[in-house]
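Number of protein chains: 2
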Amino acid sequence: MARKKAASCDWAPARKKGKPTQRKGPAAPPRTRLMRHSADHSWTGVKTERYKLDDGTWADVIRRTLVGDRGEGVKFHLRYFEIAPGGHTTLERHRHEHVVVGVRGRGKCKVRRNSYEIEVMDTLYIPPDAPHQLKNPYQEPFGFFCVVDAKRDRPRPV
Amino acid sequence: MARKKAASCDWAPARKKGKPTQRKGPAAPPRTRLMRHSADHSWTGVKTERYKLDDGTWADVIRRTLVGDRGEGVKFHLRYFEIAPGGHTTLERHRHEHVVVGVRGRGKCKVRRNSYEIEVMDTLYIPPDAPHQLKNPYQEPFGFFCVVDAKRDRPRPV
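Rendered as structure tokens:
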């Protein structure tokens with residue numbers, strides 16, 4: 036179990052002031068960066084990560100961070116998640132808000148007691164503290180963007 | 036010329052503390068909101084606005100703000116822009132960064148001296164102070180998301 040990456044998809048530890056998220060060497064000013072999309076919903080220069088540490092609360096989810104982990108100054112992170120058929124994210128809540136945009140296939144998002152069907156380009160705003168969970172009960176991968184504030188609280192499983 | 040909306044697509048005046056962007060009545064806590072997408076790239080509950088005031092620097096651009104103008108607490112705004120064939124945005128620069136994601140058709144983005152072809156789901160990060168302009172030299176509409184910080188400086192035409 037050597038792979039200790041981010042503890043959660045939705046949480047990043049507070050950065051020290053003046054210290055960029057870039058891990059290697061001194062902070063270089065960010066440069067224009069085109070991330071070219073492929074049919075399999077990968078992007079050039081963007082790695083595939085697991086959703087978070089295995090803790091039994093989720094299944095079959097991967098993450099690709101397009102913007103936010105390479106020294107940019109933006110106050111938000113843009114991430115792509117993909118849930119394989121039958122998979123789901125953690126049922127959790129947190130103070131920070133979510134914006135989810137369907138990108139591939141379709142899936143469901145439970146927010147409090149409601150369930151929302153998400154198809155490509157459907158956009159869901161999830162308010163603070165609302166317990167929520169994304170699921171893929173279908174036969175194709177369900178991919179979506181999730182935009183969050185760069186500084187955010189750690190999710191709590193519900 | 037009664038339509039005096041935002042002065043620029045990329046700029047919003049600083050909000051007074053505690054005063055939400057929502058214009059009518061007292062601030063209501065934001066609620067879960069599904070914006071259902073239609074084939075014409077409109078979304079339920081999202082209005083179509085002009086890009087900015089006519090100043091001769093742009094042509095044939097509309098804007099739809101999905102997240103950021105309805106009292107949300109997020110530190111970013113998510114907007115959809117669409118450039119008709121032959122249209123273009125203002126050639127401008129500003130301190131805030133842009134994240135552009137192709138959503139419909141294809142187009143071009145000039146950043147400094149380079150030109151980037153943007154197709155659906157291609158994602159472009161534009162760093163601070165880089166003069167940039169989006170164009171649609173093709174026959175179909177060119178639609179893209181643009182994510183920006185909620186608090187940002189006013190663009191300056193180049």
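Order-wise, the sequence lines are chains A and B. The numbering of the first sequence is the numbering used here, which starts it at 36 and goes up by one. The numbering of the second sequence is the numbering used here, which starts it at 36 and goes up by one. Don't be surprised by glycine CBs; every beta carbon is placed ideally from N, CA and C.
Indicate, with yes or no, if the ligand COA has a heavy atom lying under 7 Å from the CB of residue i.
i, result
"V102 of chain B", "Of ligands this structure carries none, so the ligand COA is not represented either."
Can you pull the chain B residues whose beta carbon is under 7 Å from the beta carbon of residue i, in chain order?
i, result
"W78 of chain A", "T158"
"E132 of chain A", "E107, G108, V109"
"R189 of chain A", "By Cβ distance, chain B contributes nothing, its closest Cβ being about 17 Å from R189 of chain A, past 7 Å."
Show which residues of chain B have a CB atom less than 9 Å away from the CB atom of residue i.
i, result
"D184 of chain A", "G108, V109, K110, F111"
Can you tell me whether DSSP reads residue i as helix, strand or coil?
i, result
"E117 of chain B", "strand"
"H76 of chain A", "coil"
"Y160 of chain B", "strand"
"Q57 of chain A", "Note that Q57 of chain A has pLDDT 49, beneath the 50 cutoff, so the model's placement of it is unreliable and no number is given."
"L69 of chain A", "strand"
"A94 of chain B", "strand"
"N171 of chain B", "coil"
"G103 of chain B", "coil"
"P190 of chain B", "coil"
"R147 of chain A", "coil"
"P48 of chain A", "Reliability fails at P48 of chain A, whose pLDDT of 47 lies under 50, so the model's placement of it is uncertain and no value is given."
"F180 of chain A", "strand"
"E132 of chain B", "coil"
"E154 of chain A", "coil"
"G137 of chain A", "strand"
"M36 of chain B", "Because M36 of chain B sits at a pLDDT of 36, beneath the cut-off of 50, its placement in the model cannot be relied upon, and the following sentence gives the value as read from the coordinates. Three-state DSSP puts M36 of chain B in coil, outside helix and strand."
"A185 of chain A", "coil"
"G108 of chain B", "coil"
Determine the contact status of residue i and residue j, defining contact as a CB-CB distance below 8 Å.
i, j, result
"G178 of chain B", "R139 of chain B", "yes"
"I97 of chain A", "T79 of chain A", "no"
"R191 of chain A", "H129 of chain A", "yes"
"V183 of chain A", "L126 of chain A", "no"
"T124 of chain A", "H112 of chain A", "no"
"Y160 of chain B", "V102 of chain A", "yes"
"N149 of chain B", "T67 of chain A", "yes"
"A165 of chain B", "R147 of chain B", "yes"
Out of the options, which has the shortest C-alpha to C-alpha gap to residue i?
i, options, result
"D157 of chain A", "B:T124, B:M70, B:I153", "B:M70"
"P64 of chain A", "A:Y160, A:L126, A:V109", "A:V109"
"L169 of chain A", "A:H129, A:L88, A:E117", "A:E117"
"P162 of chain A", "B:R105, B:T100, B:E127, B:Y173", "B:R105"
"G121 of chain A", "A:V193, A:V134, A:K143", "A:K143"
"D95 of chain B", "B:K186, B:D188, B:E175", "B:E175"
Just the chain B side, please: which residues come within less than 8 Å of residue i by C-beta, in chain order?
i, result
"H72 of chain A", "G137, E154, V155, M156, D157, T158"
Determine the chain A residues that contact residue i at a beta-carbon separation under 7 Å, and present them in chain order.
i, result
"L215 of chain B", "The structure shown does not extend to residue 215 of chain B, since chain B is modelled only from 36 through 193, so no value can be given for it."
Chain A partners of residue i, CB-CB under 9 Å?
i, result
"P65 of chain B", "E132, Y160, P162, P163"
- prompt: Relative to chain B, which residues along the segment 146-174 of chain A have a C-beta separation below 9 Å, given in chain order?
  reply: Here the close residues are V146, R147, N149, Y151, E152, I153, E154, V155, M156, D157, T158, L159, Y160, I161, P162, P163, A165, H167.
- prompt: Got a sec: which bits of the segment 78-108 of chain A sit with their beta carbon under 7 Å from any beta carbon on chain B, in order along the chain?
  reply: Here the close residues are W78, L101, V102, E107, G108.
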